[in-house]
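A.B. asks: Protein sequences, first through last, are from chains A and B.
Each residue of the first sequence is one higher than the one before, counting from 0 in numbering that gives the first Met the number 0.
Each residue of the second sequence is one higher than the one before, counting from 0 in numbering that gives the first Met the number 0.
The structure under discussion is supplied below as structure tokens; questions concerning it will follow.
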Amino acid sequence: MYKRIAVVFALFALLVFIGCAKPPDQEIQKANSSIEAARAAEAEEYVPESFQVAMDTLNAANASKQEADGKFALFRSYSKAKALYVSADALASKASQDAAAEKERVKQEVTGLLTQAKAVLDSANAALAKAPKGKGSKADIELIKNDLAAAQASFDDANNDFNAGKYKIAKAKVEAAMQKAQAVIDEIAAAKAKKMGK
Amino acid sequence: MVVLSIILFSGLAFLFLPGQHPPEQSLENAKQALDQAVKASVLRYAEPTYRSAQGLMQKGWMEMAFQNGRLAPFRNYRIADSLLNLATAMAHQATLQAQDRIQKLDSTAQNERAELENELLLCREALDGGSWANFKAERYWSLADMSLKTSELLLDKGEYEEARQTAEKGRKSLHQLVELLAEYANDEAKKIQIWRRWVQETLDESRANGTYAVIVDKAAHKTYLIRSGEIAHVYKCELGYNSAHQKLFSGDGATPEGKYTISTVKRASKFYRALLISYPNQMDKNRFSENKRKGIIAPHARIGGLIEIHGGGGQNRDWTDGCVALTDREMDNIMQYVTVDTPVTIVRRSDRWP
Chain A
0 MYKRIAVVFA LFALLVFIGC AKPPDQEIQK ANSSIEAARA AEAEEYVPES FQVAMDTLNA
60 ANASKQEADG KFALFRSYSK AKALYVSADA LASKASQDAA AEKERVKQEV TGLLTQAKAV
120 LDSANAALAK APKGKGSKAD IELIKNDLAA AQASFDDANN DFNAGKYKIA KAKVEAAMQK
180 AQAVIDEIAA AKAKKMGK
Chain B
0 MVVLSIILFS GLAFLFLPGQ HPPEQSLENA KQALDQAVKA SVLRYAEPTY RSAQGLMQKG
60 WMEMAFQNGR LAPFRNYRIA DSLLNLATAM AHQATLQAQD RIQKLDSTAQ NERAELENEL
120 LLCREALDGG SWANFKAERY WSLADMSLKT SELLLDKGEY EEARQTAEKG RKSLHQLVEL
180 LAEYANDEAK KIQIWRRWVQ ETLDESRANG TYAVIVDKAA HKTYLIRSGE IAHVYKCELG
240 YNSAHQKLFS GDGATPEGKY TISTVKRASK FYRALLISYP NQMDKNRFSE NKRKGIIAPH
300 ARIGGLIEIH GGGGQNRDWT DGCVALTDRE MDNIMQYVTV DTPVTIVRRS DRWP
């Protein structure tokens with residue numbers, strides 16, 4: 000009789016032991032690291048929606064784990080939480096990659112604008128060098144030089160902002176510099192046309 | 000036995016009693032409020048409040064999950080619900096904070112931009128209304144104008160603080176412009192005695208010798224033909240494109256200030272007719288050397304020459320390289336009276352005649 004009771008207890012203990020699932024610690028750590036990496040990659044700024052989805056998934060995973068933690072050991076299961084952590088990890092990694100890509104896209108866009116602005120400034124300087132010269136045009140040329148110096152100053156500011164990673168600000172400044180330089184080119188072209196018309 | 004069965008049955012029935020409903024709606028509300036907050040740029044303008052709201056939502060969610068894990072009769076979502084509702088309220092608060100901050104920054108930046116625009120117009124009027132072109136001042140004006148345009152673009156992109164700073168930078172350029180004009184006026188006030196003396200000496204000499212002399216008042220843009228110490232003719236004249244200053248070196252576009260004489264009379268010239276004057280005189284040469292020594296002008300700069308009173312005037316602007324331009328008809332007139340060695344005195348400003 001005692002032997003039979005001992006067997007039943009042993010079986011019960013084995014069942015409890017088997018049923019007592021372990022929390023997915025590795026997946027938890029991985030998902031949290033990926034979220035932190037995404038945050039460091041400025042995913043919140045560059046791909047806010049993707050980051051939010053990853054964050055919601057991590058929260059859902061935490062909730063699922065918490066729910067499982069609260070259950071009786073025999074009925075405890077972390078499989079749902081584990082799957083969610085794996086998913087959160089993948090989503091956060093994707094958000095990191097997307098953020099890096101988006102940041103690179105903005106950077107390339109501003110780089111392109113800076114190159115374009117440099118070309119416009121060079122053209123403006125070249126146009127100024129070939130501007131109609133004469134005793135009466137020196138005052139106009141001096142004023143144009145001032146405008147061009149202001150455009151160059153804005154371009155230099157834009158470059159500094161770009162190097163500091165302030166791409167949006169750099170973009171506005173380089174656009175302003177480009178507009179001014181283009182206005183100088185147009186002004187010189189109009190003066191040339193006027194002179195030729197005479 | 001029956002009693003035991005009833006107790007057992009009641010116990011089982013109790014365990015399977017439906018518990019409270021989890022506050023799913025509160026969780027959803029908190030999530031939505033946080034999403035809205037992110038769209039309202041809270042990460043940039045109200046991050047601490049947003050992070051608190053986010054933390055409350057996570058705690059509420061965890062509490063809800065913890066209760067979900069308990070047996071139905073023991074579940075109590077009161078704390079979870081409270082935390083989630085608090086998260087929603089705080090997310091709304093973060094949104095309002097961000098909106099308020101943006102509004103204030105926008106308003107400050109707009110004010111700064113408007114002030115800059117206003118000051119630019121005032122300075123433009125001051126520059127246009129002046130007697131002459133002042134290129135150094137114009138440079139400050141161009142920089143300020145550039146700042147205005149940049150700040151407008153930054154405002155369009157929602158970069159309020161940078162827009163404000165850019166407009167402020169533009170206003171600083173204008174303040175430098177105003178200081179420059181004040182400094183210039185101050186310099187004039189110091190030199191007016193010298194110019195008065197030159198004019199008086201020229202008039203006295205003309206009166207004593209019964210000869211002709213020429214006095215140029217740069218500020219008035221007038222050239223006076225003097226006969227025996229009295230005005231014989233007044234001509235409107237045009238000057239160097241950088242007429243506001245004393246001539247310092249060749250190519251600076253300034254008309255010299257000093258006492259000279261006519262050195263050559265040219266009956267034919269590129270600009271109709273011309274009277275070459277004896278620039279540079281000894282004072283000009285001394286000043287040139289001193290300025291070079293002090294590093295005010297470049298070491299390779301030259302003092303220049305070929306300053307004339309010539310024709311081609313009537314353009315209503317200062318356009319020469321430093322010469323004094325009259326209309327061709329006025330050149331014909333003045334050349335009837337002046338010859339080589341006729342004194343020519345050029346002053347920046349004279350308060351002798353209205």
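The beta carbon of each residue, even a glycine, is placed where N, CA and C say it ideally should be.
Can you tell me the Cβ-Cβ gap for residue 134 (chain B) and residue 145 (chain A), rounded? I've got them flagged as a contact below 8 Å.
C.D. replies: Taking the first residue of the second sequence as position 1, residue 134 (chain B) is located at position 135. Taking the first residue of the first sequence as position 1, residue 145 (chain A) is located at position 146. So it is a contact: roughly 7 Å between Cβ atoms.
A.B. asks: Please classify residue 20 (chain B): does DSSP put it in a helix, a strand, or coil?
C.D. replies: By 1-based counting over the second sequence, the position of residue 20 (chain B) is 21. Coil.
A.B. asks: How should residue 282 (chain B) be labelled, buried or exposed, when 16 other C-beta atoms within 10 angstroms of its C-beta is the threshold for buried?
C.D. replies: Walking along the second sequence from the start, residue 282 (chain B) turns up at place 283. It counts as exposed.
A.B. asks: Could you give the DSSP three-state label for residue 44 (chain B): helix, strand or coil?
C.D. replies: Indexing the second sequence from 1 puts residue 44 (chain B) at position 45. Note: residue 44 (chain B) maps to helix in three-state DSSP.
A.B. asks: List, in chain order, every chain B residue whose beta-carbon is nearer than 8 Å to that of residue 69 (chain A).
C.D. replies: Locating residue 69 (chain A) in the first sequence gives position 70, counting from the first residue. Those within 8 Å of residue 69 (chain A) in chain B are 64, 65, 66, 67, 68 and 69.
A.B. asks: Please return the same chain residues whose Cβ sits closer than 8 Å to the Cβ of residue 25 (chain B), not counting the five positions on each side in sequence.
C.D. replies: As a first step, residue 25 (chain B) is located in the second sequence; it is residue number 26 there, counting from the start. Contacts found: 59, 79, 80, 83, 84 and 87.
A.B. asks: Run down chain A in chain order and give the residues with a C-beta less than 9 Å from the C-beta of residue 144 (chain B).
C.D. replies: Taking the first residue of the second sequence as position 1, residue 144 (chain B) is located at position 145. In chain order: 146, 149 and 179.
A.B. asks: Would you tell me roughly how many angstroms separate the C-alpha atoms of residue 209 (chain B) and residue 142 (chain A), rounded to the nearest one?
C.D. replies: By 1-based counting over the second sequence, the position of residue 209 (chain B) is 210. By 1-based counting over the first sequence, the position of residue 142 (chain A) is 143. C-alpha separation (whole angstroms): 45 Å.
A.B. asks: Measuring alpha carbon to alpha carbon, tell me which residue in B:203, B:248 and B:118 is nearest residue 146 (chain B).
C.D. replies: Counting from one through the second sequence, the residue named residue 146 (chain B) turns up at place 147. Ranking B:203, B:248 and B:118 by Cα distance to residue 146 (chain B) puts B:118 first.
A.B. asks: List the residues of chain A that residue 138 (chain B) touches, going by C-beta distances under 7 Å, in chain order.
C.D. replies: Here residue 138 (chain B) refers to the residue found at position 139 of the second sequence. Within chain A, the residues near residue 138 (chain B) are 145 and 148.
A.B. asks: Extract the residue ranges of the beta strand (DSSP E) inside the segment 172–244 of chain B, only unbroken runs of 3 or more that lie entirely within it.
C.D. replies: Entirely contained in the segment 172–244 of chain B, the beta strand (DSSP E) runs reaching 3 residues are, in chain order, 211–216, 221–226 and 229–235.
A.B. asks: Can you tell me where the alpha helix (DSSP H) holding residue 111 (chain A) begins and where it ends?
C.D. replies: Sequence index remark: in the first sequence, residue 111 (chain A) carries index 112 (1-based). From DSSP, the alpha helix (DSSP H) with residue 111 (chain A) extends over 78–128.
A.B. asks: Return the bridge partner residues of residue 257 (chain B) from the DSSP annotation.
C.D. replies: Position 258 of the second sequence, counting from 1, holds the residue named residue 257 (chain B). Per DSSP, B:345.
A.B. asks: Tell me whether residue 158 (chain B) sits in a helix, a strand or coil according to DSSP, three-state version.
C.D. replies: Reading the second sequence from its first residue, position 159 is the one you call residue 158 (chain B). Correct three-state label for residue 158 (chain B): coil.
A.B. asks: Mind checking residue 20 (chain B): buried by the 16 CB within 10 Å criterion, or exposed?
C.D. replies: As a first step, residue 20 (chain B) is located in the second sequence; it is residue number 21 there, counting from the start. It is exposed - the Cβ of residue 20 (chain B) has fewer than 16 other Cβ atoms within 10 Å.
A.B. asks: Would you list the residues sitting across from residue 276 (chain B) in a DSSP beta bridge?
C.D. replies: The residue given as residue 276 (chain B) occupies position 277 in the second sequence. Residue 276 (chain B) pairs with B:261.
A.B. asks: Could you list which residues in chain A have their beta carbon closer than 8 Å to that of residue 240 (chain B), in chain order?
C.D. replies: The residue labelled residue 240 (chain B) in the question sits at position 241 within the second sequence. Simply 137, 138 and 141.
A.B. asks: What span of residues does the beta strand (DSSP E) with residue 307 (chain B) cover, start to end?
C.D. replies: Indexing the second sequence from 1 puts residue 307 (chain B) at position 308. Looking at the DSSP string, the run of the beta strand (DSSP E) that includes residue 307 (chain B) is 307–309.
A.B. asks: Taking just the CA atoms, how far does residue 205 (chain B) sit from residue 214 (chain B)?
C.D. replies: Looking up residue 214 (chain B) in the second sequence gives position 215. Looking up residue 205 (chain B) in the second sequence gives position 206. Going from the Cα of residue 214 (chain B) to the Cα of residue 205 (chain B) covers about 11 Å.
A.B. asks: Taking the straight line between their C-alpha atoms, what separation do you get for residue 64 (chain A) and residue 103 (chain B)?
C.D. replies: Numbered from 1 along the first sequence, position 65 holds the residue referred to as residue 64 (chain A). Numbered from 1 along the second sequence, position 104 holds the residue referred to as residue 103 (chain B). About 44 Å.
A.B. asks: Determine the contact status of residue 43 (chain B) and residue 111 (chain B), defining contact as a CB-CB distance below 8 Å.
C.D. replies: On the second sequence, residue 43 (chain B) is found 44 positions in, with the first residue counted as 1. On the second sequence, residue 111 (chain B) is found 112 positions in, with the first residue counted as 1. Cβ atoms of residue 43 (chain B) and residue 111 (chain B): not closer than 8 Å.
A.B. asks: My guess is that residue 173 (chain B) and residue 108 (chain B) are in contact by the Cβ rule of under 8 Å, so how many angstroms apart are they, rounded?
C.D. replies: For the purposes of this step, residue 173 (chain B) is taken as the residue at position 174 of the second sequence. For the purposes of this step, residue 108 (chain B) is taken as the residue at position 109 of the second sequence. Not a contact, Cβ separation roughly 17 Å.
A.B. asks: Whose Cβ in chain A lies nearer than 9 Å to the Cβ of residue 156 (chain B)?
C.D. replies: On the second sequence, residue 156 (chain B) is found 157 positions in, with the first residue counted as 1. By Cβ distance, chain A contributes 167, 168, 170 and 171.
A.B. asks: Between which two residues does the alpha helix (DSSP H) containing residue 335 (chain B) stretch?
C.D. replies: Within the second sequence, numbered from 1, the residue matching residue 335 (chain B) stands at position 336. Note, residue 335 (chain B): premise wrong, no alpha helix (DSSP H); not H, not E.
A.B. asks: Could you give the DSSP three-state label for residue 166 (chain A): helix, strand or coil?
C.D. replies: On the first sequence, position 167 is the one that residue 166 (chain A) refers to. Of the three classes helix, strand and coil, the one that applies to residue 166 (chain A) here is helix, per DSSP.
A.B. asks: How about the segment 174–186 of chain B and the segment 304–322 of chain B: do they share at least three Cβ pairs that are nearer than 8 Å?
C.D. replies: Not touching, per the Cβ criterion.
A.B. asks: Closer than 7 Å, Cβ to Cβ, to anything on chain A: give me those residues from the segment 176–201 of chain B, in chain order.
C.D. replies: Hits within the stretch: zero.
A.B. asks: Is residue 319 (chain B) helix, strand or coil when you go by DSSP?
C.D. replies: Here residue 319 (chain B) refers to the residue found at position 320 when the second sequence is read from its first residue. Reduced to three states, the DSSP call for residue 319 (chain B) is strand.
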